[in-house]
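Written below as structure tokens is the structure these notes are about.
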Amino acid sequence: MANSMQEKSTPIAGAALDLRIWEWLVGLLFIGLLVFVTPIPKVAAIGLVFAAAVVKAVLVVRKYMHLAAEHWLLYVLALTPVVLIAGMAIALLPDIAFRP
Amino acid sequence: MEAAPNIEAVVQFGDGDSIREIPAARLAIWLFLASEIMVFGGLMSCFMLLRIAHGGWDAEAAHVHWRIGAFNTLVLLTSSLTMALACTSAKERKRGTARRLRTYLGFTIVLGLTFLGVKACEYSLEFAKGFTPGAGLFWAFYYTLTGLHSLHVLAGIILNTTLWIAAARADLVPVVQRRIEYAGLYWHFVDVVWIFLFPLVYLT
Amino acid sequence: MSQAAIQRNVLPVEHHEELSFVGKYVFSTDHKTIAKQYLGISLFMAIVGGFTAYAIRWQLAWPSSAIPGVGTITPDAYNTLVTMHGTIMVFFVAMPFLLGVFGNFCIPLMIGASDMAFPRLNMLSVWTLLLGALILLASFFVPGGAAAAGWTGYAPLSARPDLTPAVLGQDMWIVALALEFSSFLMGGVNFITTALNMRAPGMGFWRVPLLVWYEVTASVLFLLSVGPLIGGAVMLLLDRLVGAGFFLPAKGGDPLLWEHLFWFFGHPEVYVVALPGFGIMLEILPVFSRKPIFAYRALVYCALTTTGLSLIVWAHHMFISGMDPRLATPFTVTTILISVPFAVIVFAMIATLWGGSIKFDTPMLFALGGLTSFLLGGVTGIFLGSAATDIYLHGTYFVVAHFHYTLFPVTFFAGFAGLYYWYPKMFGRLMNETWGKVHFWLTMAAFQGVFMPLFLSGIAGTPRRVFAPNEYSLFKAIQPLQVHATIAAVILLLAQLPFVVNFFWSLKRGTQAKDNPWHANTLEWSVSSPPPHDNFERTPRVRRWPYEYSAPGASLDWSPQAERGDAMPATGRH
Chain A
1 MANSMQEKST
11 PIAGAALDLR
21 IWEWLVGLLF
31 IGLLVFVTPI
41 PKVAAIGLVF
51 AAAVVKAVLV
61 VRKYMHLAAE
71 HWLLYVLALT
81 PVVLIAGMAI
91 ALLPDIAFRP
Chain B
1 MEAAPNIEAV
11 VQFGDGDSIR
21 EIPAARLAIW
31 LFLASEIMVF
41 GGLMSCFMLL
51 RIAHGGWDAE
61 AAHVHWRIGA
71 FNTLVLLTSS
81 LTMALACTSA
91 KERKRGTARR
101 LRTYLGFTIV
111 LGLTFLGVKA
121 CEYSLEFAKG
131 FTPGAGLFWA
141 FYYTLTGLHS
151 LHVLAGIILN
161 TTLWIAAARA
171 DLVPVVQRRI
181 EYAGLYWHFV
191 DVVWIFLFPL
201 VYLT
Chain C
1 MSQAAIQRNV
11 LPVEHHEELS
21 FVGKYVFSTD
31 HKTIAKQYLG
41 ISLFMAIVGG
51 FTAYAIRWQL
61 AWPSSAIPGV
71 GTITPDAYNT
81 LVTMHGTIMV
91 FFVAMPFLLG
101 VFGNFCIPLM
111 IGASDMAFPR
121 LNMLSVWTLL
131 LGALILLASF
141 FVPGGAAAAG
151 WTGYAPLSAR
161 PDLTPAVLGQ
171 DMWIVALALE
181 FSSFLMGGVN
191 FITTALNMRA
201 PGMGFWRVPL
211 LVWYEVTASV
221 LFLLSVGPLI
231 GGAVMLLLDR
241 LVGAGFFLPA
251 KGGDPLLWEH
261 LFWFFGHPEV
271 YVVALPGFGI
281 MLEILPVFSR
291 KPIFAYRALV
301 YCALTTTGLS
311 LIVWAHHMFI
321 SGMDPRLATP
331 FTVTTILISV
341 PFAVIVFAMI
351 ATLWGGSIKF
361 DTPMLFALGG
371 LTSFLLGGVT
381 GIFLGSAATD
391 IYLHGTYFVV
401 AHFHYTLFPV
411 TFFAGFAGLY
421 YWYPKMFGRL
431 MNETWGKVHF
441 WLTMAAFQGV
451 FMPLFLSGIA
461 GTPRRVFAPN
471 EYSLFKAIQP
481 LQVHATIAAV
491 ILLLAQLPFV
501 VNFFWSLKRG
511 TQAKDNPWHA
521 NTLEWSVSSP
531 PPHDNFERTP
541 RVRRWPYEYS
551 APGASLDWSP
561 QAERGDAMPA
571 TGRH
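First to last, the sequence lines map onto chains A, B and C.
Each residue of the first sequence is one higher than the one before, starting from 1 at the first, in this note's numbering.
Each residue of the second sequence is one higher than the one before, starting from 1 at the first, in this note's numbering.
Each residue of the third sequence is one higher than the one before, starting from 1 at the first, in this note's numbering.
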């Protein structure tokens with residue numbers, strides 16, 4: 001399959017790309033940790049940390065698992081459970097999370 | 001015994017059906033991963049829901065070792081790198097490919113074992129303080145989530161080790177080159193689960 | 001496209017080494033053998049499940065009398081019977097029978113493949129199921145007996161080891177279910193991959209037989225819905241073993257969470273069972289009406305719609321559970337909505353029959369019986385899906401009658417229809433037609449006799465899962481309904497004897513079947529009965545959809561999918 005992924009500006013080949021992605025992943029990890037230790041409102045902290053997590057996950061899925069280059073069916077297959085879980089969690093909020 | 005079907009073969013029938021051209025094993029792995037997302041997603045949702053219901057569990061959560069967790073996250077992310085490098089080198093047709101593949105795969109296994117070792121130490125620290133699975137709902141979730149994840153890491157290590165051993169034999173290298181993609185997909189998935197699990201359990 | 005240009009995605013086998021008995025029948029990776037292994041498991045478990053039904057019905061008709069062959073039972077034992085009846089029938093009969101047998105046997109043959117995409121995974125899946133079944137059966141014999149918290153396993157009854165006698169039994173129940181889930185996850189991945197990846201040339205999606213469509217959508221549905229319950233099962237086991245407290249209020253847990261997790265899977269589960277049942281009926285009706293299936297594409301869309309909708313209706317099982325009442329209305333709406341695709345399926349079936357040249361062979365009789373019974377069951381579901389009426393009917397025999405009027409037709413009527421239909425292809429012989437008809441009429445009549453009275457009993461308010469409802473003066477007057485149901489139940493169980501005898505007798509003494517006794521179009525009928533090991537000597541080239549029956553201008557009233565237009569033999573074969 002796709003040996004060389006095309007970045008937006010500079011084309012990078014296989015192993016070098018893997019390394020570059022890793023750098024981003026580690027960077028996002030440290031950003032998350034920084035947010036965690038900084039005294040900012042809790043909701044904001046959680047939001048930022050999870051945003052970082054989502055970006056990390058997308059990087060791994062698109063670049064390490066090559067979903068970016070795959071047939072659309074696999075995209076649907078990967079995305080459907082995420083949507084279902086989100087839907088289930090939201091449906092359960094009134095009943096489980098917000099019980100008086 | 002009849003020959004196993006060539007599951008990596010791509011069949012060209014030319015009647016406009018692009019779905020048929022997805023290699024069978026890759027499709028199967030993604031189907032399996034979809035079901036795993038439902039398992040972990042379900043558990044994580046339950047954790048979030050009950051955590052909200054109980055006011056956040058901040059007191060309990062203060063006792064998790066976030067630095068250890070962060071270190072483990074680094075370990076797992078790096079193991080994803082080495083796994084990706086192993087898969088990338090598997091696609092090469094140069095001299096020394098098999099050796100490079102084995103090296104990267106070996107690092108992945110070692111890092112995976114490191115993750116588990118650190119986790120075991122972490123568990124023993126927590127047990128020593130009396131934080132067992134029966135010590136309250138927060139800890140029950142902590143052990144269930146991280147424990148199930150660790151079992152998946154273990155399965156991945158076993159899978160990778162099988163490939164690593166096979167790659168030592170020259171006649172099996174082509175098989176490993178094909179199959180390592182699937183091991184890679186599984187390993188990266190285990191990493192993605194941890195990418196969400198770490199903040200959920202340690203950083204909230 | 002020339003044959004030479006076609007690359008088979010299975011390595012051609014030059015020669016077979018002769019396999020030993022063990023290699024051929026026990027550790028087989030051949031999908032046809034695996035299908036028969038699933039058949040053995042499901043029919044055996046059906047006997048066990050039928051026995052539990054017998055004991056339950058006897059107890060209800062003549063409470064606290066000695067059940068012949070069992071003795072008197074305690075209320076705890078009754079709970080165990082009810083629990084194991086449901087668990088066995090849903091997970092170890094319906095699923096293996098409809099998915100394991102017909103999915104495994106028919107999918108590769110119908111799409112022109114030589115086997116499943118992953119034959120060894122297939123073998124692993126049937127062995128995993130067998131292990132689960134053995135563990136479940138073993139749980140009857142451990143101290144404390146088998147699980148007793150209902151097939152739904154509600155917490156805290158299931159979550160605290162001190163609340164039922166079945167301490168070990170309930171743990172084994174969880175493990176057995178986990179194995180069953182793994183088995184069908186593996187099987188499902190196999191079915192989906194095979195159907196998407198290994199179709200013969202010319203078999204685009206709109207030429208795939210409906211059974212394959214319905215088996216695959218059922219597998220997708222199972223794959224997507226079982227995850228949260230697997231998590232829930234782990235949580236339940238931890239509750240029982242270490243007192244984790246996920247579902248225990250005393251520890252801050254929520255029993256309602258279990259109900260949500262269970263039914264999030266539990267409702268799609270009934271469609272996982274219903275869809276293949278319908279798929280079987282949809283294959284049989286056109287063949288025995290000598291007419292194309294009506295609204296083929298709509299039927300495909302119905303399967304997809306059902307799959308999607310079934311994931312958002314689950315809380316209609318929980319209207320009176322104490323959940324947030326604001327959830328009642330959205331779930332009522334989605335539940336009523338899901339009756340639409342089913343109505344379309346039923347109408348399409350009726351329209352297929354309309355004006356057809358109906359042949360009332362046994363497979364057709366069972367398909368028709370299934371259709372009519374399911375229709376009744378389906379409409380009673382509307383009362384249960386609407387929160388307002390469900391408030392009264394929940395937990396009564398109305399529910400029991402409803403789900404038996406839906407699950408029994410799709411499992412047994414459709415299942416028997418499929419079995420009588422594909423038996424010649426599986427075993428090379430035809431089952432006896434006369435005894436098949438006897439089997440059908442007895443089963444059909446007795447089935448109505450068991451469950452119709454239960455609707456009335458439920459409307460009168462009789463609660464389910466109660467050891468002796470006649471102890472309440474409220475229900476004493478309608479006790480004759482329970483007696484009536486039990487007598488019919490005994491007849492229903494005895495009515496299966498002609499089938500059992502017929503099945504085994506026909507294996508050795510049935511009329512030899514030629515390739516295509518039913519003059520059907522789908523690809524499995526183009527090979528010998530039974531098929532050779534690799535199914536097709538040459539990969540078939542599909543030229544038309546499966547339902548070309550009675551086409552105007554054709555010399556015969558059927559057109560096999562892979563034959564050229566004029567290459568039909570002048571005489572049909574039988």
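Where a beta carbon is used, it is the ideal one built from N, C-alpha and C, also for glycine.
For C:Met-323, the chain A residues whose C-beta falls within less than 8 Å of its own C-beta are Asp-95, listed in chain order.
In the DSSP annotation of this structure, the continuous segment of the alpha helix (DSSP H) that includes B:Trp-139 starts and ends at 137-166. When the Cα atoms are used, C:Gly-202 and C:Arg-543 turn out to be separated by approximately 6 Å. With respect to chain B, the C-beta atom of A:Leu-73 has a partner C-beta closer than 7 Å. Residue C:Gly-428 holds the alpha-carbon nearest to the alpha-carbon of C:Phe-503 among C:Ile-478, C:Val-483 and C:Gly-428.
Chain C has no Cβ within less than 7 Å of the Cβ of A:Leu-79. Contact note: B:Arg-179 does not reach chain C at a C-beta cutoff of 7 Å; the least C-beta distance is about 13 Å.
In this structure, the CA atom of B:Ala-155 is about 33 Å from the CA atom of A:Ile-96. At a cut-off of 7 Å between beta carbons, B:Phe-115 makes no contact with chain C. Between B:Met-44 and A:Pro-81, the C-beta spacing is not below 7 Å. When CB distances to chain C are screened at a threshold of 8 Å, the residues of the segment 40-51 of chain B falling below it are Phe-40, Gly-41, Gly-42, Leu-43, Ser-45, Cys-46, Leu-49 and Leu-50, in chain order. According to the DSSP secondary-structure assignment, C:Thr-396 is paired through a beta bridge with C:Pro-463. Residue contact check for B:Phe-127 against chain C: no CB pair falls below 7 Å. Within the segment 45-80 of chain C, no complete beta strand (DSSP E) segment of 3 residues or longer occurs. Sequence-distant partners of A:Leu-59 (beyond 5 residues in either direction) whose C-beta falls short of 7 Å from its own C-beta, in its chain, are Ile-21, Trp-24 and Leu-25. Identification of residues in the segment 228-243 of chain C having a C-beta nearer than 8 Å to some C-beta of chain B yields Pro-228, Leu-229, Ile-230, Gly-231, Gly-232, Val-234, Met-235, Leu-238, Val-242 and Gly-243, given in sequence order. In terms of Cβ geometry, C:Ala-133 and C:Phe-102 do not form a close pair [threshold 7 Å]. Looking at the DSSP output, C:Tyr-420 sits in no beta bridge, so it has no partner there. Beta-bridge partners assigned by DSSP to C:Tyr-549: C:Trp-558. Only those residues of the segment 247-274 of chain C whose C-beta falls short of 7 Å from the nearest C-beta of chain A are listed: Asp-254, Leu-256, Leu-257, His-260 and Phe-264. Residues of chain B with a Cβ closer than 7 Å to the Cβ of C:Gly-369 do not exist, since the nearest Cβ in that chain sits about 35 Å away. Of the other Cβ atoms in all chains shown, 16 or more fall within 10 Å of the Cβ of C:Val-272; this residue is therefore buried. What B:His-54 touches in chain C, judged by beta-carbon distance under 9 Å, is Gly-252, going in chain order. Under the Cβ criterion (8 Å, minimum of three pairs), the segment 187-207 of chain C does not count as touching the segment 140-147 of chain C.
For B:Arg-26, the enclosing alpha helix (DSSP H) begins and ends at 24-53.
Collapsing the DSSP output to three states places B:Arg-67 in a helix.
When the five nearest sequence neighbours on each side are left out, the beta carbons in the same chain lying within less than 7 Å of the beta carbon of C:Ser-158 are those of Ala-149, Gln-170 and Leu-236, in order along the chain. With respect to chain B, the C-beta atom of A:Ala-57 has a partner C-beta closer than 7 Å.
Contacts with chain A (Cβ-Cβ distance below 8 Å) from the segment 279-313 of chain C involve Leu-311 and Ile-312, listed in chain order.
Here C:Leu-442 has Ala-495 as same chain residues with Cβ atoms under 6 Å from its own Cβ, once five neighbours each way along the sequence are excluded. Taking the beta carbon of A:Met-65 as reference, no residue of chain C falls within 9 Å; the closest one sits roughly 17 Å away. Excluding five sequence positions before and after C:Gly-50, the CB atoms of its chain that fall closer than 8 Å to its own CB belong to Leu-493 and Gln-496, given in chain order. Taking 7 Å as the cut-off between beta carbons, the residues of the segment 320-344 of chain C near chain A are Met-323, Asp-324, Arg-326 and Leu-327, in sequence order. Taking C:Ile-88 as reference, the option from C:Arg-160, C:Ala-445 and C:Leu-136 with the minimal CA-CA separation is C:Leu-136. Measuring C-alpha to C-alpha distances from C:Tyr-549 to each of C:Arg-538, C:Ala-520 and C:Phe-536 identifies C:Ala-520 as the nearest. Nearest to C:Gly-308 by C-alpha distance, out of C:Pro-286, C:Tyr-296, C:Leu-285 and C:Thr-335, is C:Thr-335.
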